[in-house]
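Asks: In order, the protein sequences belong to chains A and B.
In short: position in the first sequence from 1, add 10, done, that's the working numbering.
In short: position in the second sequence from 1, add 7, done, that's the working numbering.
Glycine included, C-beta positions come from ideal geometry on N, C-alpha and C.
Got a structure here, written out as structure tokens. Questions coming.
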Amino acid sequence: MLVGELKEICGVFRQEYGKTSKMLKIVDSFVIFAIATAAVQMANALLVGTFPFNACLASTLCCLGAAILTASFRMQIGGGKSRVEKVFADYCVAMIFLIFVSISYVG
Amino acid sequence: VAAVVAAAMASRRGMRVAAVVAALAVLAGAGAAGEAAQARQTLVVVESENVRKTHSQYLAKLGELASKSGGAVDVKVASDPTANLKELEEWSYDSLVLLAPTLTALGGDSLAETVTSFVDEGVARSVILVGSTEMSSEVRSLAAECGVAFTTPNGNVQDHFHYQQKSGDQTLLESSNYMQGNVVLSESAKKAPLLWRGVGQYVDPNNELAFSAIRGYSTSYSLPAGSSALTKDLKYSGEATSLVSLVQTRNNARVMVSGSMDMFSDAFFSGGSSNARFCEDVTSWVMGYKALLRAEGLKHRLVGATESQDVYRIKDELTVSLVVQQWDAVLQKWLPFKANDMQVELTMLDPHLRTTFQQNKEGVFEVPRMMLPDVYGIFKFVVDYNRLGYSHIHLEEQVPIRPFRHDEYERFIVAAYPYYSGILSVMAGFFVFGLSVLYTK
Numbered sequence: 011m012l013v014g015e016l017k018e019i020c021g022v023f024r025q026e027y028g029k030t031s032k033m034l035k036i037v038d039s040f041v042i043f044a045i046a047t048a049a050v051q052m053a054n055a056l057l058v059g060t061f062p063f064n065a066c067l068a069s070t071l072c073c074l075g076a077a078i079l080t081a082s083f084r085m086q087i088g089g090g091k092s093r094v095e096k097v098f099a100d101y102c103v104a105m106i107f108l109i110f111v112s113i114s115y116v117g
Numbered sequence: 008v009a010a011v012v013a014a015a016m017a018s019r020r021g022m023r024v025a026a027v028v029a030a031l032a033v034l035a036g037a038g039a040a041g042e043a044a045q046a047r048q049t050l051v052v053v054e055s056e057n058v059r060k061t062h063s064q065y066l067a068k069l070g071e072l073a074s075k076s077g078g079a080v081d082v083k084v085a086s087d088p089t090a091n092l093k094e095l096e097e098w099s100y101d102s103l104v105l106l107a108p109t110l111t112a113l114g115g116d117s118l119a120e121t122v123t124s125f126v127d128e129g130v131a132r133s134v135i136l137v138g139s140t141e142m143s144s145e146v147r148s149l150a151a152e153c154g155v156a157f158t159t160p161n162g163n164v165q166d167h168f169h170y171q172q173k174s175g176d177q178t179l180l181e182s183s184n185y186m187q188g189n190v191v192l193s194e195s196a197k198k199a200p201l202l203w204r205g206v207g208q209y210v211d212p213n214n215e216l217a218f219s220a221i222r223g224y225s226t227s228y229s230l231p232a233g234s235s236a237l238t239k240d241l242k243y244s245g246e247a248t249s250l251v252s253l254v255q256t257r258n259n260a261r262v263m264v265s266g267s268m269d270m271f272s273d274a275f276f277s278g279g280s281s282n283a284r285f286c287e288d289v290t291s292w293v294m295g296y297k298a299l300l301r302a303e304g305l306k307h308r309l310v311g312a313t314e315s316q317d318v319y320r321i322k323d324e325l326t327v328s329l330v331v332q333q334w335d336a337v338l339q340k341w342l343p344f345k346a347n348d349m350q351v352e353l354t355m356l357d358p359h360l361r362t363t364f365q366q367n368k369e370g371v372f373e374v375p376r377m378m379l380p381d382v383y384g385i386f387k388f389v390v391d392y393n394r395l396g397y398s399h400i401h402l403e404e405q406v407p408i409r410p411f412r413h414d415e416y417e418r419f420i421v422a423a424y425p426y427y428s429g430i431l432s433v434m435a436g437f438f439v440f441g442l443s444v445l446y447t448k
């Protein structure tokens, strides 16, 4: 019964999601990519160990930070209220800063 | 220095003058472990004038061994008031031969105290101590101080199976139970049995410094003095009965304890026994003419460097070298010592590394390449060489080892490669994402 309801929800979701624009789909895929990379880093840390702990933290938090910044970018352009270029400029500055800090911390 | 001493000894006019010069020579020579130390001044204290006649061959041999190395021998009777190890509060002799089992005092002080401090103070002293059934308690306690206990039934050792057959005296032992190896005894001394009659000794097998040169057999036992009847006290009998015991102390002094005066006598030297050769071998060992080692210079340096450093770093490669020499009495010089079991340890509370030295052509012991462990702290190189009969060698060199400086670590850690690649993939993904956001309609 629950499975049936889940299947219904997935079907409706797929239908509605198909209606989003190509731009937003690209943004969503980057968010999912960033979270997947973070999961890979954490799995590596669990399996092999967190030896250079600073490197482990830097890579995990960089991936998560990138996901969060991209999610906020999507939120700002999703409603269609602001211009893409302006939001993208803010997003770029934030991402460059995040990558600079995480490269510095990874050692 | 040796020439001055020899000249003074040759003109036997003033015992005092000679003794003072000898004292100066000892002081001058005691600092160096070189040739001067082998020119030994020996004091022989005999029980009575009669002993000079009955032990003339042994006394002559002592004089011969000493003069070959530039030393001298003084023979004095026990009752002589000038028989003294000290002259004006300075030691005037290097070696002492006590052929006087009933002696209680030497130079006015008790024998055991004087000889014990003689052995303790100074470098590589030699003492030959002889006991008998009438020995004094001083001689007994002096032997006990050296780790050799004369057996408590203080009569002669008796053996019904290993005595000299033609005399029929069952306390006159003929023993061939010599010690192993040829460091102390040469092979020719072991060919014939030793004639011996006297009081046995017991050397604790746990004692690392004392050992037995020749033992009795499992059929030997000690009688109480003045009786030929067995008692119940046979605690130390059989092969535990040591006939002649040797001790090498931690400061490389050598002591020989024999329970028999007759072993050294002319009567026993003749007649096909090995007494003459045995006494010569053991005496030259005790006097330091044989099996004498000296070690100098435990040196360490980086491979390829010429000087040693004050501080090394973990995982440095070092070469360690050591010079060990053995005194050759025939050639009268120090020759390189040959051994394949000299080891060096790198220790901080516990040994972290232990390797065996290899010998190069000049006889220098070296470890060509030793990698320091991955632990930092204050270490020391320790060479601890204790082989039966040879001098003890103990050298320590302190070596601090420091950890890596911050710029001596590797730049990229292999274990962190997955994390580096995670960040790089986020960078690349962001770049591609940015292009696609800007250039799609």
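Chain B beta carbons: is any one of them nearer than 8 Å to that of M33 of chain A?
Replies: True, the Cβ-Cβ gap to chain B drops below 8 Å.
Asks: Using the Cα positions of L108 of chain A and R308 of chain B, report the straight-line distance between them to the nearest angstrom.
Replies: Cα to Cα, the separation comes out at about 49 Å.
Asks: Beta carbons nearer than 7 Å to chain A: which residues of the segment 403-425 of chain B have them?
Replies: Flagged, chain order: I420, A422, A423 and P425.
Asks: Three or more C-beta pairs under 8 Å: does that hold for the segment 73-84 of chain A against the segment 26-37 of chain A?
Replies: A contact exists between the segment 73-84 of chain A and the segment 26-37 of chain A.
Asks: Is the segment 315-335 of chain B close to the segment 391-408 of chain B, with three or more CB pairs under 8 Å?
Replies: Touching, yes, given that three or more Cβ pairs across the two stretches are closer than 8 Å.
Asks: Among A:N64, A:G14, A:T47 and A:C102, which residue has its Cα nearest to the Cα of S114 of chain A?
Replies: Out of A:N64, A:G14, A:T47 and A:C102, A:N64 has the C-alpha closest to the C-alpha of S114 of chain A.
Asks: Distance, Cα to Cα, R261 of chain B vs A312 of chain B?
Replies: Computed Cα separation, rounded: 40 Å.
Asks: Along the alpha helix (DSSP H) that carries D100 of chain A, what are the first and last residues, could you check?
Replies: Note, D100 of chain A: alpha helix (DSSP H), V94 to V116.
Asks: For G28 of chain A, does the three-state DSSP call read helix, strand or coil?
Replies: In this structure, G28 of chain A counts as coil in the three-state DSSP scheme.
Asks: Under 8 Å between the Cβ atoms of M377 of chain B and V327 of chain B?
Replies: Yes; because the gap between Cβ atoms is below 8 Å, this pair is in contact.
Asks: For C73 of chain A, count neighbouring Cβ atoms within 10 angstroms of its own Cβ and tell me buried if that reaches 16, exposed if not.
Replies: Buried, because 16 or more other Cβ atoms sit within 10 Å of the Cβ of C73 of chain A.
Asks: Are the segment 192-208 of chain B and the segment 171-180 of chain B touching, with three or more C-beta to C-beta distances below 8 Å?
Replies: They touch, by the three-pair rule.
Asks: Thinking just about the alpha-carbon of each residue, which of B:K68, B:V53 and B:Q64 is nearest to the one in S86 of chain B?
Replies: Checked all of B:K68, B:V53 and B:Q64; the closest Cα to S86 of chain B is B:V53.
Asks: Note down, in chain order, every chain B residue with its Cβ under 9 Å from the Cβ of V22 of chain A.
Replies: Near V22 of chain A there are no residues of chain B at all, since even the closest Cβ is about 27 Å away, more than 9 Å.
Asks: Nearest CA to the CA of V289 of chain B: which residue from B:V390, B:N91, B:S195 and B:I385?
Replies: Considering only alpha carbons, the answer is B:S195.
Asks: Could you say which of B:L106, B:Y100 and B:G77 lies nearest to H62 of chain B if we only look at CA atoms?
Replies: The residue with the shortest Cα to Cα distance from H62 of chain B is B:L106.
Asks: List, in order along the chain, the chain B residues whose C-beta lies closer than 8 Å to that of F61 of chain A?
Replies: Simply I420, A422 and A423.
Asks: Can you list, in chain order, the residues of its chain whose CB lies under 8 Å from that of Q51 of chain A, leaving out five sequence neighbours each side?
Replies: Excluding residues within five positions, the ones whose Cβ falls inside 8 Å are C66, S69, T70 and C73.
Asks: Out of B:E96, B:L95, B:K60 and B:L113, point me to the one whose CA is closest to L50 of chain B's CA.
Replies: Residue B:L113 is the option with its Cα nearest to L50 of chain B.
Asks: Since Y427 of chain B meets chain A, which of its residues come closer than 8 Å, beta carbon to beta carbon?
Replies: By Cβ distance, chain A contributes A65, S69 and V116.
Asks: Tell me whether D401 of chain B is buried or exposed, calling it buried when 16 or more other Cβ atoms sit within 10 Å of its Cβ.
Replies: Before going further, note that residue 401 of chain B is His rather than Asp in the sequence given. H401 of chain B should be labelled exposed.
Asks: Provide the residue(s) that pair with V137 of chain B in DSSP beta bridges, ordered along the chain.
Replies: DSSP lists B:S265 as partners of V137 of chain B.
Asks: Rounded to whole angstroms, what is the Cα-Cα separation between F43 of chain A and F437 of chain B?
Replies: The alpha-carbon atoms of F43 of chain A and F437 of chain B are separated by roughly 10 Å.
Asks: Just list the residues that DSSP pairs G384 of chain B with in beta bridges.
Replies: According to DSSP, G384 of chain B bridges with B:I408.
Asks: Under 8 Å between C-beta atoms, does I113 of chain A make it to chain B?
Replies: Cβ-Cβ to chain B under 8 Å: yes for I113 of chain A.
Asks: Distance, Cα to Cα, G175 of chain B vs H167 of chain B?
Replies: Those two C-alpha atoms are separated by around 10 Å.
Asks: Taking any Cβ of chain A, which residues in the segment 371-401 of chain B have a Cβ under 9 Å from it, in chain order?
Replies: So the list is empty, because no residue satisfies the distance condition.
Asks: Taking 8 Å as the CB-CB cut-off, is T30 of chain A touching chain B?
Replies: False, the Cβ-Cβ gap to chain B never drops below 8 Å.
Asks: Using a Cβ-Cβ distance cut-off of 8 Å, determine whether S432 of chain B contacts chain A.
Replies: Interface residue, yes.
Asks: Whose C-alpha, out of B:V389, B:Y224 and B:E215, is nearest the C-alpha of G396 of chain B?
Replies: Of the candidates B:V389, B:Y224 and B:E215, the one whose C-alpha sits nearest the C-alpha of G396 of chain B is B:E215.
Asks: Measure the alpha-carbon distance for E128 of chain B versus N258 of chain B and round it to whole angstroms.
Replies: Cα-Cα distance, rounded: 9 Å.
Asks: Which full runs of the beta strand (DSSP E) of 3+ residues lie inside the segment 90-170 of chain B, going along the chain?
Replies: Counting whole runs of 3 or more residues, the segment 90-170 of chain B contains the beta strand (DSSP E) stretches 102-106, 133-137, 155-157 and 164-166.
Asks: Within the present structure, is the beta-carbon of L72 of chain B separated from the nearest heavy atom of the ligand ATP by less than 7 Å?
Replies: Among the components modelled here there is no ligand, and therefore nothing to report on the ligand ATP.
Asks: Considering just the uninterrupted stretch of the beta strand (DSSP E) at F218 of chain B, what are its terminal residues?
Replies: Run containing F218 of chain B: A217 to R222, per the beta strand (DSSP E) assignment.
Asks: Classify V50 of chain A as helix, strand or coil using the three-state DSSP reduction.
Replies: Correct three-state label for V50 of chain A: helix.
Asks: Looking at G245 of chain B and S229 of chain B, is the spacing between their C-beta atoms short of 8 Å?
Replies: It is not a contact, given that the beta carbons lie outside the stated cut-off.
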